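Letter 218 of the sequence shown, counting from 1, is numbered 218 in UniProt numbering, and no numbers are missing.
Note that beta-carbon positions come from the ideal geometry of N, C-alpha and C, so glycine has one too.
This one's a predicted model, so the numbers in the text were calculated from it and none came from an experiment.
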Amino acid sequence: MAGQMTAPAVQTRRAGTTSQLAGPRVKATKVAANAVLLAIAVLFVLPMAWVLVASFDAEATLSFGVPDALTTDNFAAIMTPELTWLPLWNAFVLSFGAGAITVVVAVLAAYPLSRYRMRFGKYFLYSVLFGTCLPITAIMVPVYALFVQLNLLDSLPGTIFFMAATSLPMAIWMTKNFMDSVPISLEEAAWTEGASAMQALRQVVLPLMRPGIAVVFIFVFVQAWGNFFVPFVLLLSPEKQPAAVSIFAFFGQYGSVAYGQLAAYSLLYAAPVLGLYVLVTRISGSAFALAGAVKG
C-alpha cells in the first residue's frame, strides 16, 4: 500500500514543482500580451474619443482635450440640406444600389461555380481573383473616357453600376464560399419534389445562407459608403455627390479646418453604417441554421 501511494505522491510533487517553475513565465507572457493589446486599444479608442469630444466643443482643435463647456453648436451648423442631408441621401442611394446589384449578380454567378464542375471553372475563379488586384486608380482614366462616350458622366445610375462592378470579384468569392457550406443534398431533395434549379436556389439555398448574404451586402455597402475617388471623378454636380466627397467642405483654404463641425459630421456619417450592421445581424442571426437539416 505504501509503495502504491508513493508514485502518485511523487508525480503530484513533480507536477506542482513544474507548475510553480512555469508560473512566473506564464504570468510575464500574459502581462506582456495584455500590455500590447492595451496599447492597440488606445490607438483605436483615442481617435474615436477625439471625434466624440470635439463634436461638442465649440473651439475644437486637432489635439485631444476636454472642453470647458459642452455645446451642440457644431451639430446645429451642419444640419442643412445642402451640407448634410442631401449628401447622406446620395451616399445611401449609391451604397444600397451597389450592394443590392452586387449581391444579386454574385449569387447568380456563385451558384454554378459552387454546384457544378466545369472544365474552366478554376481558371474562371482565378481570373475573378485577378480582378480584385486591379487598383481603382489604374482604370479610372479609361472608365472616365467610356462614361463620356456613353453619356453616363454625372449619372447616379451609371456610378452605381460601376461601383457594383468593382465590388463584384470579391463578392463572388465570398458568396461561393458561403454557398459551399450549404449541403447539396438539400437541393437534391427539392429536385425530387419537382423544383427547378432556380426554385431550389431561391427556396432552399438562399434562406440557409442569409447570414452570408448579409456579410456580402455589408462588405459592399461599407466599401461604397466610404468610397471617395469614384464619385469624385464620375459625379460632377455638387447636388449629386455623396457624403464622402462633401466632407471636404469643412477643409478651408490655407490649412484652416472646422474641427468641431468635422467631428459632428463624422458622427452622422458613421451612424447609418453602424445602424445597418446592427439591423442585419438581428435579422439574419449569428450562424447558419443547418443543424438537423441532413440526416446521417
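Just tell me which of Thr102, Lys176, Phe124 has its CA closest to the CA of Ala164.
Ranking Thr102, Lys176, Phe124 by Cα distance to Ala164 puts Thr102 first.
From the DSSP output, in three-state form, read off Val66 for me.
DSSP places Val66 in coil when its eight states are reduced to three.
Distance CB(Val245)-CB(Thr159) smaller than 8 Å
The answer is no: Cβ separation not under 8 Å.
Quick check: the Cα distance between Thr71 and Leu134, rounded to an integer number of angstroms?
Taking the straight line from one Cα to the other gives about 46 Å.
Nearest neighbour of Gln261, chosen from Ala39, Phe75, Pro67, Leu43 [CA to CA]
Phe75
Rounded to whole angstroms, what is the Cα-Cα separation between Gln193 and Val220?
Looking at the sequence provided, one finds Glu at residue 193 rather than Gln. Straight-line Cα distance between these residues: approximately 36 Å.
Coil, strand or helix - Val182 by DSSP
coil
Using 8 Å as the threshold, is the region 203-215 in touch with the region 80-93, meaning 3 or more CB pairs across them?
no
Burial state of Pro169 (16 or more Cβ within 10 Å)
buried
Using DSSP bridges, identify the partner residues of Val257.
Phe251
Taking only three categories from DSSP, how would you classify Leu21?
Note that Leu21 scores a pLDDT of 47, beneath 50, so its modelled location is shaky and nothing firm can be said.
Pick out the complete alpha helix (DSSP H) segments inside the region 168-243, 4 residues or longer, and give them in chain order.
184-192, 197-200, 210-225, 229-234
Can you check which of these residues, Val105, Phe162, Asn227, is closest to Val143 by C-alpha distance?
Phe162
Would Ala271 and Ala60 be called neighbours here (beta carbons separated by less than 8 Å)?
no
Cutoff 7 Å; reference Pro242; Cβ partners in own chain excluding five residues on either side:
Pro87, Asn90, Ala91, Leu94, Pro231
For Tyr277, tell me which candidate among Val36, Lys240, Ile218, Pro112 has the shortest Cα-Cα distance.
Nearest option by C-alpha distance: Ile218.
Span of the alpha helix (DSSP H) around Tyr111
86-115
Would you decide whether Leu279 is buried or exposed? Buried here means 16 or more other CB atoms lie within 10 Å of its CB.
exposed
Could you check how far apart the C-beta atoms of Thr175 and Val107 are, in whole angstroms? I think they sit under 8 Å.
That pair is a contact at about 6 Å.
Leaving out five residues on either side along the sequence, give the residues of the same chain with a beta carbon under 8 Å from the beta carbon of Gln203.
Ala190, Ala195
Mark Phe44 as exposed unless 16 or more other C-beta atoms lie within 10 angstroms of its C-beta, in which case mark it buried.
Exposed, by the Cβ-count rule.
Using only CA atoms, which one of Ala224, Ala32, Ile184 lies nearest to Pro112?
Ile184
Return the chain-ordered list of same chain residues with a C-beta closer than 8 Å to the C-beta of Thr137, the five sequence neighbours on each side being excluded.
Phe229
Can you look up Thr71 in the DSSP assignment and give me helix, strand or coil?
In the displayed model, Thr71 falls within coil according to three-state DSSP, outside both helix and strand.
Return the CA-CA distance between Tyr269 and Val51, expressed in angstroms with no decimal places.
12 Å
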